[in-house]
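Since the structure comes first, as structure tokens, the remarks are kept for the end.
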Amino acid sequence: MSWLRTHTCGELTIDEKGKDVVLNGWVSKRRDLGGLIFIDLRDRYGITQIVFDETNEKIHSLAENLRSEYVIGVKGKVINRSKETINPEMKTGEIEVEVAEMKIYSKSKTPPFEIKDNLKTNEETRLKYRYLDLRRNELQEKLILRSKVYHTIRNFYNERDFTEVETPVLMKSTPEGARDYLVPSRVNPGKFFALPQSPQTYKQLLMVSGFDRYFQIVKCFRDEDLRADRQPEFTQVDVEMSFVDEEVIYEEHERLMAEIWKEHLGVELNTPFPRISYEEAMTTYGSDKPDLRFDVKIHDISDDVAESGFKIFKSTVDKGGRVLSITVPGEGSMGRGALDRLTDKVTSETGAAGMIFMKLNDGEITCSVGKFLEDETMQTMAKTSEAEDGDLVLILAGPAPDVYKQMGGLRLIIGNQFDLIDKDQPRFLWVTDFPLVEWSKEDLRYHALHHPFTSPKEEDTDKLESDPKAVKARAYDLVLNGNEIGGGSIRIHTPELQQRMFTLLGIDEQEAEEKFGFLLDAFKYGAPPHGGIALGLDRIVMLMSGATSLRDVIAFPKNQRAQSPMDNSPSEVDESQLKELHISLRKTVTQ
RNA sequence: GGUCCGGUAGUUCAGCUGGUUAGAACGCCUGCCUGUCACGCAGGAGGUCGCGAGUUCGAAUCUCGUCCGGAUCGCCA
Numbered sequence: 012m013s014w015l016r017t018h019t020c021g022e023l024t025i026d027e028k029g030k031d032v033v034l035n036g037w038v039s040k041r042r043d044l045g046g047l048i049f050i051d052l053r054d055r056y057g058i059t060q061i062v063f064d065e066t067n068e069k070i071h072s073l074a075e076n077l078r079s080e081y082v083i084g085v086k087g088k089v090i091n092r093s094k095e096t097i098n099p100e101m102k103t104g105e106i107e108v109e110v111a112e113m114k115i116y117s118k119s120k121t122p123p124f125e126i127k128d129n130l131k132t133n134e135e136t137r138l139k140y141r142y143l144d145l146r147r148n149e150l151q152e153k154l155i156l157r158s159k160v161y162h163t164i165r166n167f168y169n170e171r172d173f174t175e176v177e178t179p180v181l182m183k184s185t186p187e188g189a190r191d192y193l194v195p196s197r198v199n200p201g202k203f204f205a206l207p208q209s210p211q212t213y214k215q216l217l218m219v220s221g222f223d224r225y226f227q228i229v230k231c232f233r234d235e236d237l238r239a240d241r242q243p244e245f246t247q248v249d250v251e252m253s254f255v256d257e258e259v260i261y262e263e264h265e266r267l268m269a270e271i272w273k274e275h276l277g278v279e280l281n282t283p284f285p286r287i288s289y290e291e292a293m294t295t296y297g298s299d300k301p302d303l304r305f306d307v308k309i310h311d312i313s314d315d316v317a318e319s320g321f322k323i324f325k326s327t328v329d330k331g332g333r334v335l336s337i338t339v340p341g342e343g344s345m346g347r348g349a350l351d352r353l354t355d356k357v358t359s360e361t362g363a364a365g366m367i368f369m370k371l372n373d374g375e376i377t378c379s380v381g382k383f384l385e386d387e388t389m390q391t392m393a394k395t396s397e398a399e400d401g402d403l404v405l406i407l408a409g410p411a412p413d414v415y416k417q418m419g420g421l422r423l424i425i426g427n428q429f430d431l432i433d434k435d436q437p438r439f440l441w442v443t444d445f446p447l448v449e450w451s452k453e454d455l456r457y458h459a460l461h462h463p464f465t466s467p468k469e470e471d472t473d474k475l476e477s478d479p480k481a482v483k484a485r486a487y488d489l490v491l492n493g494n495e496i497g498g499g500s501i502r503i504h505t506p507e508l509q510q511r512m513f514t515l516l517g518i519d520e521q522e523a524e525e526k527f528g529f530l531l532d533a534f535k536y537g538a539p540p541h542g543g544i545a546l547g548l549d550r551i552v553m554l555m556s557g558a559t560s561l562r563d564v565i566a567f568p569k570n571q572r573a574q575s576p577m578d579n580s581p582s583e584v585d586e587s588q589l590k591e592l593h594i595s596l597r598k599t600v601t602q
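Residue numbering for the first sequence follows this note's numbering, beginning at 12 and increasing consecutively.
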């Protein structure tokens with residue numbers, strides 16, 4: 012009998028009773044009772060208890076030397092445990108393997124943290140020893156889920172006749188958007204490739220080529236500051252289709268989501284997903300990615316207080332700002348101290364200047380600025396806020412659109428603090444009707460809200476030059492529980508419209524030719540109408556697995572400084588390497 | 001770049017109104033133990049209190065600076 016394993020550590024049950032088996036795995040736990048030693052042998056499939064008995068003196072004394080994380084192979088017989096010693100918590104808990112022979116493949120130093128669930132070790136240490144962290148069940152489950160989701164996605168598109176095409180990782184650096192990661196070209200001195208922020212232009216060119224249904228699971232790179240839900244390299248499910256409109260894309264991807272959720276979480280999603288316009292999202296939820304798992308909405312009470320005696324309200328409205336409220340159900344009895352703490356939190360986290368509250372109790376309304384307000388005004392405010400007896404109304408005032416964003420922040424604080432969020436049912440929605448462009452105070456020009464290839468709505472096209480801010484885009488985001496998990500648009504497919512868009516964005520003809528000439532040219536040879544979407548795979552898996560950080564669903568992630576503590580990248584390179592690349596470092600860097 | 005939180009044993013943390021030898025749990029090491037599965041019992045090792053300066057008779061504790069990690073704002077077409 013060889014030392015090749017006959018079973019994994021997760022599969023033996025009473026059915027294999029009496030069989031001679033070979034198991035390989037890691038020593039997870041040793042329970043040494045003296046004459047009897049139990050080892051929990053672990054691999055990624057599970058844990059099986061193996062036993063060393065004193066009656067086999069040679070093997071028993073070998074087992075005394077076993078320590079955590081040693082890698083061993085054992086040969087032995089599957090035996091059933093006596094009734095009292097069955098462990099009902101474990102799949103393999105009815106049996107154990109009585110070891111006859113053992114081989115130590117490799118020893119292990121004491122690991123810097125224990126290989127177990129609910130580990131509290133700080134992330135720096137975990138990232139430094141990522142290969143050990145990944146030995147833990149929690150992370151293995153997430154990566155395995157991720158792998159299965161890939162599979163579902165590929166099946167889904169394959170069944171629908173999509174073609175998976177790999178696009179270049181070394182590509183042209185383009186203006187607009189996020190900072191590029193640059194790659195110097197040795198054979199082209201002074202020239203650089205960029206790593207793709209997304210394969211946007213390539214997938215559009217594939218449409219021109221006639222691959223009318225394309226998808227790719229692809230790494231994308233953005234050199235921006237990191238967050239819990241933002242890594243410098245991340246994975247997109249990139250999709251593009253020809254001869255379609257928004258409806259086709261919505262429908263297909265609702266189906267994809269439903270399939271993923273059903274297959275891997277056993278959850279039936281309600282389709283179609285609700286859709287709300289960007290404007291409604293902002294004015295009702297104060298966010299372009301609203302969390303619909305709780306029902307609190309923003310109310311505009313500007314009209315109610317425009318003529319009130321409270322100067323801040325009046326002057327805000329006079330200056331064109333808004334006075335907004337949200338109602339917190341059942342918190343009307345909240346004490347002054349708690350309200351002050353909430354106010355501090357809100358002002359520091361949202362940037363709101365101050366917060367005003369109104370409490371409805373026993374038919375009476377008390378307000379923090381009540382002495383400036385008529386009873387009647389307060390009644391109207393409460394009514395507009397849809398507040399009932401026992402509720403708390405919170406009010407922010409300020410210039411729009413800032414005050415809406417602050418309100419959106421307040422809404423999330425309320426949702427979390429008062430546990431209003433229903434965590435059981437995932438809430439998807441489409442956000443639609445985004446503005447095409449927004450004014451950048453910094454660059455003194457318009458920026459594409461989505462990207463420069465997004466088509467304006469047809470009925471708005473004639474406003475591109477005269478009133479760009481009013482132009483709506485054929486763009487959409489897919490939002491899940493307050494997270495943006497995808498976004499896309501119907502694209503521009505004529506060189507004329509594309510050129511007008513570049514002009515609007517302050518990219519003159521020459522620059523457009525330099526940066527995007529290939530795309531403009533391609534459009535001159537018969538470009539089909541097309542559109543698509545890119546889904547954030549990491550975020551989707553993160554939300555599916557209940558992780559709070561993208562780092563938990565990426566095998567080897569970067570820390571907040573975009574470094575990998577394990578392999579110490581990025582790192583300095585030899586002068587000779589730089590020389591070959593025709594690069595010299597600035598003094599401020601080398602010092 | 002801003003704001004906030006944190007950095008004490010291998011790990012997670014306590015200690016922080018300055019004052020004896022800096023503690024606990026888990027882990028680790030040694031011994032005992034034949035039915036454990038968070039094994040138990042007895043004993044033990046293990047610390048640059050992130051780093052530097054200052055205040056002080058005396059600093060883990062107070063002050064300043066700095067480094068590191070995380071959350072977040074800016075940024076992320």
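We treat Cβ as the ideally placed atom computed from N, Cα and C, and that holds for glycine. This structure is a prediction, so every number in the text was calculated from the model and none was measured.
Is Ser326 buried or exposed, if buried means 16 or more other CB atoms sit within 10 Å of its CB? exposed
Is the CB-CB distance between Arg55 and Gln151 below 7 Å? yes
Taking the alpha carbon of Arg157 as the point to measure from, which residue in Val108, Val194, Thr246, Glu175 has its own alpha carbon closest? Measuring from the Cα of Arg157, the nearest candidate turns out to be Thr246.
CB-CB under 7 Å to Arg502, same chain, minus the five flanking residues each way: which ones, in chain order? Gln215, Phe464, Thr465, Ser466, His541, Gly542
Determine the DSSP secondary structure at Asp43, reduced to helix, strand or coil. strand
Exposed or buried, Pro114, counting other C-beta atoms within 10 Å across all chains shown (16 or more means buried)? According to the sequence provided, residue 114 is Lys. The question's Pro does not apply to it. It is exposed - the Cβ of Lys114 has fewer than 16 other Cβ atoms within 10 Å.
On the criterion of 16 or more Cβ atoms from any shown chain inside 10 Å, does Lys526 qualify as buried, or is it exposed? Answer is buried; the Cβ neighbour count reaches 16.
Rounded to a whole number of angstroms, what is the C-alpha to C-alpha distance between Leu460 and Pro539? 23 Å
For Ile260 and Ser477, I'd like the C-alpha separation in whole angstroms. In this model, Ile260 and Ser477 are separated by some 31 Å (Cα to Cα).
Candidates Ser582, Tyr296, Asp26: which alpha carbon is nearest Pro412's? Tyr296
Start and end of the alpha helix (DSSP H) containing Val380? From DSSP, Val380 is part of no alpha helix (DSSP H); its letter is neither H nor E.
Please list, in chain order, all residues of the same chain as Gly343 whose beta carbon is under 7 Å from its beta carbon, the five residues on each side excluded. Lys370, Leu371, Asn372, Gly401, Asp402, Leu403
Three or more beta-carbon pairs under 8 Å between the stretch 109-125 and the stretch 73-89, yes or no? A contact exists between the stretch 109-125 and the stretch 73-89.
Can you tell me whether Ala205 is helix, strand or coil according to DSSP? Ala205 sits in a strand when the DSSP states are folded into three classes.
Among the residues of its own chain, which have a CB less than 7 Å from the CB of Ala533, if the five just before and after it don't count? Leu216, Val219
DSSP puts Glu262 in a beta bridge; with which residues? Glu262 pairs with nothing; no bridge assigned.
Would Val307 and Ile287 qualify as a contact pair, given that the criterion is a beta-carbon distance under 7 Å? no
Buried or exposed, going by whether 16 or more other CB atoms sit within 10 Å of the CB of Ile25? exposed
As assigned by DSSP and simplified to three states, the class of Phe513: helix
Which ranges would you report for the alpha helix (DSSP H) in the stretch 37-83 if only whole runs of at least 4 residues count? 68-74
Between which two residues does the beta strand (DSSP E) harbouring Gly409 extend? Run containing Gly409: 403-409, per the beta strand (DSSP E) assignment.
In the DSSP assignment, what are the bridge partners of Pro467? In the DSSP assignment, the residues bridged to Pro467 are Ala484.
Cβ separation of Glu27 and Val89, assumed to be a contact under 8 Å, to the nearest whole Å: 5 Å
Please classify His462 as buried or exposed, where buried requires at least 16 other C-beta atoms within 10 Å of its C-beta. buried
Within 10 angstroms of its Cβ, does Phe529 collect 16 or more other Cβ (buried), or is it exposed? exposed
Could you please give me the residues that DSSP links to His458 through a beta bridge? Glu449
For Ser396 and His310, the rounded distance between their alpha carbons: Their Cα atoms are separated by approximately 6 Å.
So, at 7 Å on beta carbons, what are the nonlocal neighbours of Gln602 in its own chain, with the 5 sequence-adjacent residues on each side left out? Only weak support exists for where Gln602 lies, its pLDDT of 48 falling under 50; the coordinates are left without a value.
Cβ of Gly497 within 7 Å of Cβ of Leu546? yes
CA nearest to the CA of Thr212, picked from Thr178, Asp236, Gly221, Gly348: Thr178
Host alpha helix (DSSP H) of Val4 (start-end): Summary: the structure shown does not reach residue 4, with the chain confined to residues 12 through 602, and so no result is reported for it.
How about Leu335 and Met418: are their beta carbons less than 7 Å apart? Yes.
Please identify the residue among Glu279, Leu138, Val160 whose C-alpha is closest to the C-alpha of Ser580. Taking only the C-alpha atoms, the option nearest Ser580 is Leu138.
Look at the alpha carbon of Leu515 and the alpha carbon of Arg190, and state the distance between them as a whole number of angstroms. 21 Å
Does the pairing of the stretch 377-389 with the stretch 309-323 give three or more beta-carbon distances under 8 Å? As far as the Cβ criterion goes, the stretch 377-389 touches the stretch 309-323, which means the pair count is three or higher.
One or two residues paired with Arg197 in a DSSP bridge: Within the DSSP secondary-structure output, Arg197 pairs in no beta bridge.
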